[in-house]
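Number of protein chains: 4
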Amino acid sequence: MLNTQSNNITACLLICCPDRPGIVAGVSQFLYLLGANILDASQHSTDPREGLFFTRMEFQLALTDKVMLEESFQQQVAAPLQMEWKIDYSDRRKRMAIMVSAYDHCLMELLWRWKSGELPVDIPLVISNHPKLEKECTVLGIPFHYLPVAASSKELQERAAIRLLEEHAIDFTVLARYMQILSPQFVRLYPQRIINIHHSFLPAFAGARPYLNAYTRGVKLIGATAHYVTNELDEGPIIEQDVARVSHKHTVDDLVMLGRDIERQVLTRAVKAHIDNRVILHGNKTIVF
Amino acid sequence: MLNTQSNNITACLLICCPDRPGIVAGVSQFLYLLGANILDASQHSTDPREGLFFTRMEFQLALTDKVMLEESFQQQVAAPLQMEWKIDYSDRRKRMAIMVSAYDHCLMELLWRWKSGELPVDIPLVISNHPKLEKECTVLGIPFHYLPVAASSKELQERAAIRLLEEHAIDFTVLARYMQILSPQFVRLYPQRIINIHHSFLPAFAGARPYLNAYTRGVKLIGATAHYVTNELDEGPIIEQDVARVSHKHTVDDLVMLGRDIERQVLTRAVKAHIDNRVILHGNKTIVF
Amino acid sequence: MLNTQSNNITACLLICCPDRPGIVAGVSQFLYLLGANILDASQHSTDPREGLFFTRMEFQLALTDKVMLEESFQQQVAAPLQMEWKIDYSDRRKRMAIMVSAYDHCLMELLWRWKSGELPVDIPLVISNHPKLEKECTVLGIPFHYLPVAASSKELQERAAIRLLEEHAIDFTVLARYMQILSPQFVRLYPQRIINIHHSFLPAFAGARPYLNAYTRGVKLIGATAHYVTNELDEGPIIEQDVARVSHKHTVDDLVMLGRDIERQVLTRAVKAHIDNRVILHGNKTIVF
Amino acid sequence: MLNTQSNNITACLLICCPDRPGIVAGVSQFLYLLGANILDASQHSTDPREGLFFTRMEFQLALTDKVMLEESFQQQVAAPLQMEWKIDYSDRRKRMAIMVSAYDHCLMELLWRWKSGELPVDIPLVISNHPKLEKECTVLGIPFHYLPVAASSKELQERAAIRLLEEHAIDFTVLARYMQILSPQFVRLYPQRIINIHHSFLPAFAGARPYLNAYTRGVKLIGATAHYVTNELDEGPIIEQDVARVSHKHTVDDLVMLGRDIERQVLTRAVKAHIDNRVILHGNKTIVF
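Residue numbers (my numbering), protein chains in the order written: chain A, 34 to 322; chain B, 34 to 322; chain C, 34 to 322; chain D, 34 to 322.
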């Protein structure tokens with residue numbers, strides 16, 4: 034609906050609840066009485082045996098008492114319909130950390146898009162286990178934290194990283210080819226809050242050296258997969274995937290080079306969807322509105 | 034929402050109205066009081082200067098008095114909100130005619146998908162200006178009408194075609210490479226009810242011989258476009274497009290052959306969207322939900 | 034080069050040999066002295082550690098004594114350069130058998146393309162373990178052999194199939210969704226002569242029920258793979274693959290339906306490449322020129 | 034063939050000549066006697082009425098007297114077969130200039146790929162009519178020349194640009210969204226040596242504001258085209274094109290943003306092909322080996 038007032042904010046409401054008549058009517062009536070304009074709405078019903086309903090509603094409303102809004106919604110709509118829900122407001126940008134190793138392509142892509150305004154987030158810091166990419170960050174005014182990692186120091190290094198993420202009130206972290214497996218302790222702290230890019234079309238070629246394995250198998254397409262990190266390696270919920278055509282002419286090095294382009298595109302699309310609150314978890318799968 | 038009763042029907046409601054708060058609330062409240070379950074909903078708002086709101090709602094309800102439903106909706110919801118709307122019910126299959134010339138690929142594709150259950154329509158007839166494809170139709174039990182056309186007889190031929198379309202209460206007609214330009218008189222009778230497949234990526238290579246022109250220009254992709262027929266040749270609202278990669282190796286004949294695959298895919302997707310009431314006109318453009 | 038004489042034939046020469054200087058010079062000099070015009074040539078060198086050279090040369094020559102041509106080539110060129118090679122002539126069409134179960138889409142696609150002239154082969158027979166698709170074959174004049182299979186009769190059924198393939202001098206067989214695993218005895222008889230279409234992007238989702246497994250994993254692309262059949266299930270050399278985009282909205286049935294389109298395209302492209310002698314085996318991989 | 038000696042160089046030979054028997058034999062025999070190893074070879078014959086043969090041969094040879102090599106080739110092979118040809122050696126990197134306006138995405142993409150080693154060229158300078166992107170160049174050590182342009186000063190500005198290109202012995206220039214139309218005098222100096230990226234799928238939406246025109250027409254795919262600049266605006270030989278899917282949801286600003294990704298990919302692929310001597314002109318079309 035119409036966006037006419039300048040002191041308005043935009044809110045995004047994500048809901049999961051048992052499927053039944055009246056959900057859309059209940060939510061939209063609540064928003065109407067609040068004076069909110071629905072800008073965009075998407076919904077998804079799972080199959081009847083499971084019987085779940087998911088929706089994402091983006092709406093505009095005058096600057097308001099958020100606590101009261103949320104309490105009213107909980108009492109009048111969410112509780113009667115047994116909803117799990119969360120709401121996010123446009124007047125607060127998400128805070129994104131990037132963890133990176135020595136490959137620069139995913140980092141550079143994210144930074145370029147951030148700088149060009151495509152990614153409406155704050156980037157309070159980049160953490161790396163290599164010193165190599167410091168200048169690429171600091172030239173843009175982004176603090177770079179070098180936290181080297183060795184077998185003996187891994188636990189300490191992760192603790193230092195966690196401390197930084199907490200100090201900077203990070204909302205989510207992107208592993209932009211970080212090349213380290215995070216410990217279960219780390220992962221557990223950030224459910225659906227760590228996005229990884231894996232350089233294969235999962236579930237094919239999970240684990241190490243996917244381009245070499247793709248070459249050895251002789252596939253005709255290579256791919257990349259962005260997913261939330263869980264404690265099952267490369268098994269987390271998939272957010273986005275894409276592929277590119279290859280042939281017998283391509284060496285492993287060629288696949289690495291071609292793959293960089295897919296990784297950059299796929300990771301960007303996943304990060305954008307996450308920032309825009311378009312991703313809802315459904316078991317180990319995602320709904321991407 | 035849940036689909037639990039077997040004597041239910043599904044309805045699809047398409048709405049266009051001035052954008053303002055309360056539209057979703059109004060429609061969904063009406064449907065809720067009717068006992069309808071919303072199965073799927075999509076919406077689109079144009080930019081504020083134009084200020085239009087479009088929505089498609091698919092819902093399930095018990096077998097009902099359709100006239101009363103429509104009158105109530107008009108009075109209680111549509112009139113106050115200045116809506117243009119239409120509704121379509123699943124208990125009546127659309128009736129699709131196909132007009133074809135001597136090329137068989139688009140016809141065969143539609144017939145195969147219809148036979149396999151992918152296209153939930155009735156096909157009461159095929160009309161052709163060549164006798165060649167009669168057997169392909171009659172073997173599937175579909176009446177084939179041979180209406181030859183010559184410069185002198187074009188008006189008569191069109192009148193015969195229109196008579197057939199009317200006699201069989203056809204809802205929409207697909208030009209499956211019909212290779213004849215319909216007269217303004219014909220087109221005017223069927224607004225947004227004739228779908229054509231053009232064998233180029235429009236607006237490039239409108240008019241005759243698009244593959245030859247694509248070859249001559251040396252493009253690296255060829256395409257196909259499905260659109261509603263209007264009286265501006267190849268200028269009607271585009272429903273679907275796609276492309277395929279070509280190179281200097283391909284002759285014009287190769288482009289024709291490769292193009293057939295794109296034409297088949299693009300036309301099928303457009304016809305499916307039309308059947309499912311997913312296409313709304315917006316000026317000379319389409320919204321495809 | 035120029036194709037001017039009408040009593041010419043086209044030949045296709047495939048070569049694999051140790052890489053060294055003089056191979057192209059040797060072969061092209063031999064063909065020049067023969068009066069042959071090279072129409073197309075492709076080559077591929079593997080990495081230096083392996084040191085293999087592959088080439089495909091298509092050339093036109095006057096009708097000739099093939100035995101003498103091949104003996105001369107072996108003596109003068111192939112033996113000195115330690116070549117493995119084979120040659121195929123355009124004046125003899127390959128003979129293709131199709132084995133199919135109850136799904137019609139891959140069969141129909143191959144038959145339509147064969148009828149339209151896109152597949153320059155003879156199809157002396159279709160073999161099926163279901164009676165369902167008989168009419169689709171016989172209407173085009175292609176003999177249909179119904180060979181039912183049960184656990185107890187599998188060996189006998191395969192022997193009957195082999196007898197048919199031999200009687201009809203079949204060059205290669207396409208499993209157009211045959212849904213049966215061929216025994217090692219069968220496969221061993223036809224190295225690089227059986228093409229299968231698997232309904233996933235291998236190596237992801239090998240084995241049974243790939244669409245269900247793709248749905249369960251929540252991938253964002255589904256695929257299909259055409260490969261030569263070996264005795265490692267779904268592990269044979271990949272000829273062609275492709276994918277299509279899917280989302281959380283798609284049910285397993287939707288994936289099956291969308292997948293049919295990819296299967297048809299991928300199988301067609303693989304069969305065309307095989308017919309045109311564009312596929313050379315290199316270990317368990319393919320070179321597709 | 035094998036690459037075993039370290040003091041070898043690679044050469045790339047491009048040939049166009051009347052099609053006739055013996056061309057491949059003649060060239061490959063010449064190279065064999067020279068001790069050269071053919072690494073890659075591609076060829077293309079136009080249709081018999083035109084009767085042209087094109088080939089690209091990449092080969093390795095010991096460091097050698099290039100003048101003697103070229104004179105021998107001209108006398109022994111090229112003259113008798115009426116060849117137009119050129120040769121390029123790997124021991125001299127091409128010198129690429131970039132001209133850019135205020136949009137950074139194409140420039141940044143080229144610079145990142147150059148820095149990562151994907152583009153084996155020297156970049157002696159960037160020329161811009163805006164001062165905005167100076168830092169992006171100088172941080173990488175690339176001189177940035179700000180040459181503002183106004184209607185009255187256009188001729189002078191072009192002369193200054195030409196002087197810079199000549200002083201730096203530039204081999205080819207990339208217009209990375211330069212947003213200025215070069216004068217016929219400028220273009221004439223650099224035939225097949227200026228590459229432009231146009232932000233549409235040409236020939237659709239030639240000229241100004243292609244994204245706005247694509248939006249207005251309601252196309253379902255947007256594209257980008259890289260081509261050599263000629264004095265017919267947006268009519269030069271196309272090197273590479275690609276597209277991305279869009280829908281009614283996308284505003285003009287969205288198309289601009291999505292288009293940037295296609296522009297970056299398409300321009301990169303065209304520049305790579307040019308650097309690798311893979312592009313041959315054939316009238317107003319390209320052969321891209």
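A virtual CB, placed ideally from N, CA and C, is assigned to each residue, including glycine.
Computed from a predicted model, the values in this text were never measured in an experiment.
With a threshold of 8 Å between beta-carbons, can residue i be considered close to chain A, or not?
i                 : result
Glu273 of chain C : yes
Asn36 of chain B  : Below a pLDDT of 50, predicted positions are generally treated as unreliable, and Asn36 of chain B, at 46, falls in that range; no measurement from the model is reported.
Quick one: is residue i near chain D, going by C-beta distance under 8 Å?
i                 : result
Lys305 of chain A : no
Met290 of chain A : yes
Ala237 of chain B : yes
Ile42 of chain C  : no
Met212 of chain A : no
Lys318 of chain B : yes
Is there at least one Cβ from chain B nearer than 8 Å to residue i's Cβ?
i                 : result
Asp287 of chain D : no
Ala194 of chain A : no
Gln76 of chain A  : yes
Val172 of chain C : yes
Met141 of chain C : yes
Tyr136 of chain A : no
Using 8 Å for Cβ pairs, my map puts residue i next to residue j. What's the rounded Cβ distance?
i                 : j                 : result
Met101 of chain B : Ile48 of chain B  : So it is not a contact: roughly 19 Å between Cβ atoms.
Asn41 of chain B  : Ala130 of chain B : Incorrect: roughly 30 Å between the Cβ atoms, too far for contact.
Ser61 of chain A  : Ser61 of chain B  : 5 Å
Val220 of chain C : Asn264 of chain C : 5 Å
Phe86 of chain B  : Asp52 of chain B  : 4 Å
Arg278 of chain C : His138 of chain C : Contact flag wrong, Cβ pair sits at about 20 Å.
Ala44 of chain C  : Asp121 of chain C : 7 Å
Gly256 of chain B : Ile313 of chain B : Between Ile313 of chain B and Gly256 of chain B the Cβ distance is about 23 Å, and since that is not below 8 Å, they are no contact.
Ser134 of chain B : His178 of chain B : Their Cβ separation, rounded to whole angstroms, is 13 Å, which puts Ser134 of chain B and His178 of chain B out of contact at 8 Å.
Gly240 of chain B : Asp267 of chain B : 7 Å
Val154 of chain A : Lys119 of chain A : With 8 Å as the limit, Val154 of chain A and Lys119 of chain A do not qualify as a contact, their Cβ atoms being about 18 Å apart.
Met132 of chain A : Tyr261 of chain A : No, Met132 of chain A and Tyr261 of chain A are not in contact; Cβ-Cβ is about 14 Å, not under 8 Å.
Quick check on residue i - is its C-beta less than 8 Å from some C-beta in chain C?
i                 : result
Gly257 of chain A : It is worth fixing the name first, because residue 257 of chain A is Ala in this sequence and not Gly. Cβ-Cβ to chain C under 8 Å: no for Ala257 of chain A.
Asn264 of chain A : no
Quick one: which chain C residues come within Cβ less than 8 Å of residue i?
i                 : result
Ala277 of chain D : The contacting residues do not exist; Ala277 of chain D stays about 12 Å from chain C at best.
Thr284 of chain A : Asp80
Asp294 of chain B : Gln298
Who are the neighbours of residue i on chain B, taking C-beta pairs under 9 Å?
i                 : result
Val321 of chain D : Lys253, Ser280, His281
Phe234 of chain D : Phe234, Ala237, Val252, Leu254, Gly256, Val276
If the cut is a Cβ gap below 9 Å, which residues of chain D does residue i touch?
i                : result
Ser61 of chain C : Gly55, Ile56, Val57, Ala58, Gly59, Val60, Ser61, Gln62
So which residues of chain B does residue i contact, with C-beta pairs closer than 7 Å?
i                : result
Asn70 of chain A : Pro54
Under 9 Å between beta-carbons, which chain C residues line up against residue i? List them in chain order, please.
i                 : result
Ser270 of chain A : Note that residue 270 of chain A is Pro in the sequence shown here, rather than Ser. Result: Gly251.
Starting from residue i, find everything on chain C with Cβ-Cβ shorter than 7 Å and list it in chain order.
i                : result
Tyr65 of chain D : Pro54, Gly55, Ala58
Based on DSSP bridge pairs, tell me the residues matched to residue i.
i                 : result
Phe92 of chain A  : A:Ala44, A:Ile71
His315 of chain A : A:Lys318
_Residues in the region 88-107 of chain C having any Cβ partner in chain B nearer than 9 Å_ = Taking 9 Å as the Cβ-Cβ cut-off against chain B, none of the residues of the region 88-107 of chain C qualify.
_Residues of the region 146-160 of chain B whose Cβ lies closer than 8 Å to any Cβ of chain C, in chain order_ = Cβ contacts with chain C: Ser149, Glu151.
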